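Notes follow once the structure below has been shown.
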Amino acid sequence: MADEEPVDQKKYLEEGCKPKCVKQLRAYEACVKRIEGDESGHKHCTGQYFDYWACIDKCCTDSILEIEIIEGQCCVTLASCGAVLS
Amino acid sequence: MRTVALLGAGISGFLGFATIASADESEHGLEAPNYPWPHSGILSSYDHASIRRGHQVYQQVCASCHSMSLISFRDLVGVAYTEEETKTMAAEIEVVDGPNDEGEMFTRPGKLSDRFPQPYANEAAARFANGGAYPPDLSLITKARHNGQNYVFALLTGYHDPPAGVTIREGLHYNPYFPGGAIAMPKMLIDGALEYEDGTPATEAQMGKDVVTFLSWAAEPEMEERKLMGFKWIFLLSLALLQAAYYRRLRWSVLKSRRLVLDVVN
Chain L
1 MADEEPVDQK KYLEEGCKPK CVKQLRAYEA CVKRIEGDES GHKHCTGQYF
51 DYWACIDKCC TDSILEIEII EGQCCVTLAS CGAVLS
Chain H
87 MRTVALLGAG ISGFLGFATI ASADESEHGL EAPNYPWPHS GILSSYDHAS
137 IRRGHQVYQQ VCASCHSMSL ISFRDLVGVA YTEEETKTMA AEIEVVDGPN
187 DEGEMFTRPG KLSDRFPQPY ANEAAARFAN GGAYPPDLSL ITKARHNGQN
237 YVFALLTGYH DPPAGVTIRE GLHYNPYFPG GAIAMPKMLI DGALEYEDGT
287 PATEAQMGKD VVTFLSWAAE PEMEERKLMG FKWIFLLSLA LLQAAYYRRL
337 RWSVLKSRRL VLDVVN
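For the protein sequence lines, the chains are L and H, in the order given.
The first sequence lines up with residues 1 to 86 when you count with the working numbering.
The second sequence lines up with residues 87 to 352 when you count with the working numbering.
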């Protein structure tokens, strides 16, 4: 496995999961827009933020399990196969 | 008149709480997902190569702030290192011992029987060096936190930018998994931060997985023996249950198959 820069496995899975969580991402972005002009400092988008990251996390753990079942071993197959979580 | 006064007192008491800060989702932190740990199964053992790497991560990244005062060097023998390796590792640290025959304390190189070295002399020193926050002892951390293994992994690898509207003061960092969201520890696991002895690429996720496996072992070193014992005894006791059930029914069959006749006295 002669790889120059091993890719972080978790980041890779999170990138792959972004399309699955577009709804939560849009909701978060809508919230950001809503509170844009807020001066009071009390408004925040933690709820939507948590919804988004909960979706990403769930998708990642599902992906890990899928990868294990399909591959029969713990290997995330990038084109360069540099991301093996030993 | 009195009821009105009581009602008024009640309402003003209740309104007194109106200005207290309200809680939100960040109060309990984002829930950690359930990762498929290789040692999760009913008969699954620890990945000992992972424990060895995890100890390396702890030593190089975490030990400068976090103590593990319940673990001794000898605990590592046969689990992650050989006896010679552990002795060499222990001898690298200086331990205060004594008193000697002259009544003085002296320092000597570490032995297998010594506990892991403490980064700070006491909690006050630890707080002083870390802006008032105490880096907790990690000996039992995966048992001391709800959903410990998943929580620690999510925490270590989950440093993200804060959501819009949330500001974290200077000296703290945002972590969605930490209750309240503002944690004193900065992100410590960076890709390539250390070079593993066995050549495994040291990505953030890899180091997180290894260190959590190490911490799980540290908190529950008896896990493998417990699972073996549990499997054996649950099997044997199930057989014993079947035998006991049969024997009870055998002995009771006499009573359960008797006939009682009620006759009328004429």
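Ideal Cβ positions, reconstructed from N, Cα and C, are used throughout, including at glycine.
Keep in mind it's a predicted model, so treat the numbers as computed, not measured.
Distance between TYR220 (chain H) and HIS134 (chain H), taken at the CA atoms: about 30 angstroms.
For the set L:ASP8, L:GLN9, L:ASP57 and L:PRO19, the Cα lying nearest the Cα of ASN120 (chain H) is the one of L:ASP57.
Identification of chain H residues near PRO6 (chain L) by a Cβ-Cβ cut-off of 7 angstroms yields PRO287 and THR289, ordered along the chain. One Cα belongs to CYS148 (chain H), the other to GLU310 (chain H), and the distance between them is close to 26 angstroms. The closest CA to that of ALA212 (chain H), considering only H:GLY267, H:MET271 and H:LEU348, is found on H:MET271. Listed along the chain, the chain L residues whose CB falls inside 7 angstroms of the CB of SER324 (chain H) amount to none; the nearest CB is some 30 angstroms away. Segment contact: the segment 136-154 of chain H against the segment 296-310 of chain H, three or more CB-CB distances shorter than 8 angstroms; contact assigned. According to DSSP, VAL7 (chain L) shares a beta bridge with no other residue. Here the segment 38-58 of chain L makes contact with the segment 242-258 of chain H; the two share three or more CB pairs at distances below 8 angstroms. Chain H has a Cβ within less than 9 angstroms of the Cβ of VAL32 (chain L).
In this structure PRO195 (chain H) does not touch HIS152 (chain H) by the C-beta definition: roughly 23 angstroms separates them, more than the 8 angstroms allowed.
Residue range 309-342 is occupied by the alpha helix (DSSP H) that includes ARG337 (chain H). Residue pairing by DSSP places GLU180 (chain H) opposite H:PRO195 in a beta bridge.
According to the DSSP assignment, SER155 (chain H) belongs to no alpha helix (DSSP H), since it is labelled neither H nor E.
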